[in-house]
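K.L.:
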């Protein structure tokens, strides 16, 4: 979890031990080696933990069963290379793995001189736990404020109230079934594509059952959008509106 990621990173920097990093989410994974001499640490990539409500729970996000094995094997490979002194590690590089498309790519990741823990003038000198900050979205959501029922959306559409409906599922899911008029914007692309959304009208976000859309709503609200999560997603829409 995020609390562990930051705690392990800071401990590795302070103890001068390499941090063989890996993470997985749904169908994608990342791997790198942090806290090596002259190399970046995890905070060079993500200086601060994400705000409460932005992190999906396992039930909402989920992960392809084999993915932890793939990323774990890459981590084991990096650990063996470090221990034996052979090859070139992922220090200074972030490996991105896309299981759905069976593609990998790398991002160069330099050390940040302003990093709060490994930078030239570090401000974090003791270990800090972030258990109260890194709260899954399902635990941190503000009930009522962000949620919208399918009946409310039906009334908006019937009355012609201005809004934008966004589908954060994958394109393959959208192709099989979608709500008429919904704009496809997969969750993994939501921040990059958010600039295409208007801020002067409400944005209603839906997925299959409401998990991914809750994460997207939290992200959009941080960007200043009047975003609402369609509870129950397209499943509830089909069951209760378009029976």
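In the numbering used here, the protein residues as written are 1477 to 1719.
Every residue, glycine too, gets a C-beta built ideally from N, C-alpha and C.
Since we're looking at a predicted model, the values are computed, not measured.
1. Would you kindly work out how many angstroms separate the C-alpha atoms of residue 1516 and residue 1497, rounded to a whole number?
2. What is the DSSP secondary structure of residue 1550, reduced to helix, strand or coil?
3. Using the rule of at least 16 other Cβ atoms within 10 Å of the residue's Cβ for burial, across every protein chain shown, is residue 1703 buried or exposed?
4. Using DSSP bridges, identify the partner residues of residue 1642.
5. Report the rounded CA-to-CA distance for residue 1493 versus residue 1512, giving the unit in angstroms.
6. Starting from residue 1574, trace the beta strand (DSSP E) in both directions and tell me its first and last residue.
7. Could you tell me whether the segment 1481-1492 touches the segment 1640-1660, using the rule of 3 or more Cβ pairs below 8 Å?
8. Give me the DSSP bridge partner(s) of residue 1497.
9. Just the C-alpha distance for residue 1509 and residue 1575, rounded to the nearest angstrom, thanks.
10. Could you work out which residue in 1691, 1677, 1711 and 1690 is closest to residue 1701 when comparing CA atoms only?
11. Is the segment 1540-1554 touching the segment 1578-1587, taking contact as three or more C-beta pairs under 8 Å?
P.N.:
On the basis of the coordinates in this document:
1. Taking C-alpha positions only, residue 1516 is separated from residue 1497 by approximately 12 Å.
2. Note: residue 1550 maps to helix in three-state DSSP.
3. Buried: at least 16 other Cβ atoms inside 10 Å.
4. Beta-bridge partners of residue 1642 (DSSP): 1659 and 1681.
5. The C-alpha of residue 1512 is placed about 7 Å away from the C-alpha of residue 1493.
6. The continuous beta strand (DSSP E) containing residue 1574 extends over residues 1569-1574.
7. No, the segment 1481-1492 is not in contact with the segment 1640-1660.
8. For residue 1497, which the question treats as bridged, DSSP gives the partners 1508.
9. Straight-line measurement puts the Cα of residue 1575 at about 21 Å from the Cα of residue 1509.
10. Between residue 1701 and the set 1691, 1677, 1711 and 1690, the nearest pair of CA atoms involves 1677.
11. With a cut-off of 8 Å, the segment 1578-1587 and the segment 1540-1554 do not count as touching, because too few Cβ pairs lie within range.
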